[in-house]
Amino acid sequence: MYSEKVMDHFSNPRNVGEIENPSGVGMVGNPACGDIMKLTIKVEDDKIADIKFKTFGCGAAIATSSMVTELVMGKSLKEAESITNQAVAEALDGLPPIKMHCSNLAADALQGALEDYYKKSGAGKKAGQS
Amino acid sequence: MYSEKVMDHFSNPRNVGEIENPSGVGMVGNPACGDIMKLTIKVEDDKIADIKFKTFGCGAAIATSSMVTELVMGKSLKEAESITNQAVAEALDGLPPIKMHCSNLAADALQGALEDYYKKSGAGKKAGQS
Amino acid sequence: MKKVYLDHNATTPVHPEVVDVMIPYLKEEWGNPSSIHWAGRGPRKAVEEGREKVADLLNCDVSEVIFTSSGSEGDNLAIKGVLEANRGKGNHIITTKVEHPAVYGTCKALEKIGYKVTFLDVDGDGMIDLDQLRSAITSETVLISVMYANNETGVIFPIKEIAGIAREHKVTFHTDAVQGIGKVPIDVKDLNVDILTLSGHKFYAPKGVGAVYLKRGVRIQPLIQGGHHERNRRAGTENVAGIVGLGKACEIARRDMERENEHLTRLRGKLEKGVQERIPFVRIHGQNAKRIPNTSNIGFNFVEGESILLNLDMKGIAASSGSACTSGTLEPSHVLVAMGIPLEELHGSVRFSLGRDNVDDDIDLVLNELPPLVERLRSMSPLYSAATGKGVDINFDTVCKH
Amino acid sequence: MKKVYLDHNATTPVHPEVVDVMIPYLKEEWGNPSSIHWAGRGPRKAVEEGREKVADLLNCDVSEVIFTSSGSEGDNLAIKGVLEANRGKGNHIITTKVEHPAVYGTCKALEKIGYKVTFLDVDGDGMIDLDQLRSAITSETVLISVMYANNETGVIFPIKEIAGIAREHKVTFHTDAVQGIGKVPIDVKDLNVDILTLSGHKFYAPKGVGAVYLKRGVRIQPLIQGGHHERNRRAGTENVAGIVGLGKACEIARRDMERENEHLTRLRGKLEKGVQERIPFVRIHGQNAKRIPNTSNIGFNFVEGESILLNLDMKGIAASSGSACTSGTLEPSHVLVAMGIPLEELHGSVRFSLGRDNVDDDIDLVLNELPPLVERLRSMSPLYSAATGKGVDINFDTVCKH
Ligand SMILES: Cc1ncc(COP(=O)(O)O)c(C=O)c1O
Ligand SMILES: Cc1ncc(COP(=O)(O)O)c(C=O)c1O
């Protein structure tokens, strides 16, 4: 059902946890699949200095959460903004069709965390606009 | 499907043929099953001195024809009159249910032959009535 | 005693290669294909591989294959499924007078609950008239169902033309190809049919498994509702071993069909020639039509079919009269009736249907056994003596009062 | 790696004795049971012997057994067959909110085309209220369908009482006994049900075969129409090998049931006690109801079921979440929803369903692997940190906007 990459991220998820005093928090959920993701980020010098997730959810939900943290760790906010759910799925060598629209919400959580950061820091909606 | 007795009468049918100048002829048919039976009898001294059949039909039709000739050969007309399709089937150790009401017409042919004989000989409808 | 099986249209032996690939799915890989754990993985893969093999034989996409339990289920799914999906759009079905009971009986039953059904006539060779088909189509017509090849006579219908006519009138077209699949090349894309039914046990797969080709975009309502199996088109835990067997049978059919066809055509020719040479008053039904290569329906005038079959059986030869699937009824074959075969001949028809394991010896046995056997039965038949001038002139009409 | 199969409600291994009796019907006795010649005789006898064994298990007459291809087909036959046979007499069905999709989904689909369906509630233990059932019956009610035992929780329904109520109101009563047959003694005469569905692969017969008990005199319309098989109640060439296997499985069930029951009851007790001792925040669903002895549905709060299953699978342990038959949907289990289980717990439910080959070691493995695995997942769960005071207070309602 799941690709090897999905199973790898599911069994050895990267960056699990919650950052204390995060720069931004993103939280999304989908009751149909029973997935809830919480991402916390630490922003330093317009970069994602740290990112951690906690996820309640199926294999796809946990793997996409893990993957998104790996994808943006150390990246610029601009680069982070460009991450989509689709990109996360591709980085995992794909997801079963039924999971694509359901448990693949990690990028949404990331965008939520970024927005939270911009709001808190009064930095405007987009990194480039500050 | 068929009892051993049926198969015996089917493979070695008794009294096949047509009697020349018969005392009576009986013929019955059922287009649904595709059965036609023709019985010819020779009556002597109120007894069935000879009986022969020709049958176009399935295994049950041929076996019942053969059996009926065996049952009445040499018997009195009165005894012959009492033969029913049911009795023929029983003498064959039974027939498949679906064949009971269809290919089991030999006794009807016999009764037809008897009536034909009575008519021709002016002997009245029943042997006893003559 | 030597056994000769000439009833392959009733069912076929399971091919040894088919049995071999099935057994692991009974013994070791018995999991549920829907299970996400280890036990489900092998079976799931097996089902999808089976689907690929069916799709390869039919030349369609895997998503267009629905597994069923039999040809009858497939026919019912196709017919009732299309009608349900077209509720309110029309209630007229067109089919033929020579369909298998799974189509014919289903349509008869639908008539009873208010559907209108046109049963197309066939001519003496078992062939329909495309003009009659065309003129039968109305704005109410939602389904045309015409079999690929007739199970009793082997006659092949012009499916591509019929599909064209159906398409022209935007009517869904189903073909019951149970007797065609595995015997002749059938390419659903080329034929352009919407729905096609096949049954495993007619071409060396086991009983209990079949499939329906459903062209992408054609809507049907499932017959068996429930779980999400078969993309919501047929609920129920998959018959994995059966599906594996069906897949293998499709693979074998593709591989061997051409060779088998030649082989069967030759043997059937030998049988028909031999019978015609040795036995008077016989007729081969559908002989002038295009036929699948394995089927020969022979009418032996003046004798009844079952009594021929019983005699053949006593010699180890298995054949059938009409459709084995319809034994249990005593009605004369509706197929031969529709072809206008007279009662005397129709009741004496025997279907020989050949298969891959038959050899020349088998046919020789039939040609040796059949003539004396038919002669013996004829000598017992009041119709024969009448017809040959050795008895009174009788026929069904003069005798039957039922 | 040691493999432990705890998903017997999804499907069971085929019993070796069952495989053994089936193989001859693939290899040698492949004939069509309807054929009158030699090839049909063995298969015909085998089908009738299989029927006797099913009848023996159910305590009914052989004429009351109809072979099908699956539990889903049986449920569809029962429900649609009764409705069709009662056309014009009424259009109301009563069933429950916890039926298997083969009943539940079928009834939902029937609702869409105009039937009225009452879905009875269940309480927190998964049990219906007989008074609600009684008051739901109207003059329009033609069918009551209540499952014998629930596939997800194992909860057993009071079928005899329900059958009594149905009889009082002259309503036909069907029970889907797919999860009961083979596990607990079921006597259709004693229960006095009209129709009962069973499926072979749930009790060590192969996939692709099932049966319906139809009480003499109860009228249904066939789902699959065509040939005269199964006394005109189910067309299609019989799955002979499958039927032989089903018969054997019934024979084995009668022989071994009592012993198996004790065995399974003990192992399940050990599992449930062990889990409750070792893992906090768990609940056993339906624990207060009467249950079939093999099934345990455990809710692990704060974690999601699939992620537990994947982890178990990595340790060789096969279990399932809800019904394996319904994977392919992502909806939470309608059974647990109907029981009022809160979302957090319901998404974390796992079904362990035991079978005849399970041993103490299997349960020990689960009891060793499960606690750390649940703990690890909980440590990743934002719900757990919230609930245990180590995070913000979140739940489904505050997060989900979809
Ligand atoms: C209660 C119940 N009914 C019906 C079915 C359907 O059975 P099958 O998969 O044989 O169609 C199942 C199987 O999951 C079941 O558990
Ligand atoms: C043309 C045709 N259609 C349908 C069927 C039914 O197939 P099954 O017996 O697999 O249900 C048959 C088999 O006799 C057939 O010959």
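So the sequences go chain by chain: A, B, C and D.
Residue numbering for the first sequence follows the working numbering, starting at 623 and increasing by one per position.
Residue numbering for the second sequence follows the working numbering, starting at 623 and increasing by one per position.
Residue numbering for the third sequence follows the working numbering, starting at 4 and increasing by one per position.
Residue numbering for the fourth sequence follows the working numbering, starting at 4 and increasing by one per position.
Glycine included, every Cβ here is placed at the ideal spot set by N, Cα and C.
Of the residues the options, the one placed nearest residue i, counting alpha carbons only
i      : options                        : result
C:E263 : C:T15, C:E20, C:V187           : C:V187
D:S388 : A:S633, A:K669, A:M659         : A:M659
D:M25  : C:H350, C:T175, C:K210, C:K5   : C:K210
D:R294 : D:Y118, D:N371, D:L357, D:R44  : D:L357
D:H177 : D:E378, D:E261, D:I97, D:F305  : D:I97
B:P719 : B:A682, B:G639, B:M649, B:D672 : B:A682
B:I670 : B:A728, B:D715, B:E703         : B:E703
C:I165 : C:L146, C:V181, C:R381, C:N154 : C:L146
Cβ-heavy atom distance, residue i to ligand 3, below 7 Å
i      : result
D:S324 : Ligand 3 is absent from the structure shown, which contains only ligand 1 and ligand 2.
Alpha-carbon to alpha-carbon, residue j and residue i
i      : j      : result
A:L699 : C:K83  : 58 Å
D:E233 : D:V106 : 23 Å
C:S299 : C:V362 : 16 Å
B:N643 : B:G734 : 16 Å
A:E692 : A:D667 : 19 Å
C:T329 : B:E712 : Note that C:T329 has pLDDT 38, beneath the 50 cutoff, so the model's placement of it is unreliable and the number below is only indicative. The straight-line gap from Cα to Cα measures roughly 27 Å.
D:K115 : C:E87  : 12 Å
C:A327 : B:C680 : Residue confidence for C:A327 is low, a pLDDT of 37 falling below 50, so the modelled location carries little weight; the figure read from the coordinates is stated next. Approximately 15 Å between the Cα atoms of the pair.
C:R137 : D:G239 : 31 Å
D:F355 : A:D657 : 22 Å
D:R237 : D:F303 : 44 Å
A:V690 : D:S336 : 29 Å
Minimum Cβ-Cβ distance from residue i to chain C less than 8 Å
i      : result
D:H204 : yes
B:G646 : no
B:T677 : yes
D:K318 : no
D:P27  : no
D:V369 : no
D:L226 : yes
B:E640 : yes
is_contact[residue i, chain A] using C-beta, thresh 8 Å
i      : result
D:L386 : yes
D:M383 : yes
Sub-8 Å separation of residue i and residue j beta-carbons
i      : j      : result
D:V17  : C:L249 : no
D:N62  : D:V221 : no
D:P27  : D:E241 : no
A:D738 : A:G646 : yes
B:K664 : B:N637 : no
A:T686 : A:N726 : yes
C:A321 : D:A42  : yes
A:F678 : D:P385 : yes
C:G185 : C:A256 : yes
C:V158 : C:A341 : no
D:I39  : D:L217 : no
D:I131 : D:T99  : yes
D:M150 : D:E102 : yes
C:A214 : C:Q182 : no
D:I282 : D:V353 : no
C:V65  : C:R47  : no
Partners in chain E for residue i, counting only beta-carbon separations shorter than 7 Å
i      : result
D:H350 : The displayed structure is made up of protein chains A, B, C and D, and chain E is not among them.
Closer than 8 Å to chain D by CB, residue i
i      : result
A:V710 : no
C:K30  : yes
A:I684 : yes
A:G716 : no
A:P719 : no
A:K627 : no
is_contact[residue i, chain B] using C-beta, thresh 8 Å
i      : result
C:P335 : yes
Selection of the segment 8-25 of chain C by Cβ proximity to chain D, strictly under 9 Å: Listed by position, the residues of the segment 8-25 of chain C near chain D (Cβ gap below 9 Å) are Y8, D10, A13, T14, T15, P16, V17, P19, V21, V22, M25.
Residues within the segment 169-183 of chain C neighbouring chain D, beta-carbon criterion of under 8 Å: The residues in question: there are none.
Which residues of the segment 286-318 of chain C have a Cβ closer than 9 Å to any Cβ of chain B? Give them in chain order. Of all residues in the segment 286-318 of chain C, only F305, V306, E307, G308, E309, S310, L312, L313, N314, M317 place a beta-carbon less than 9 Å from a beta-carbon of chain B.
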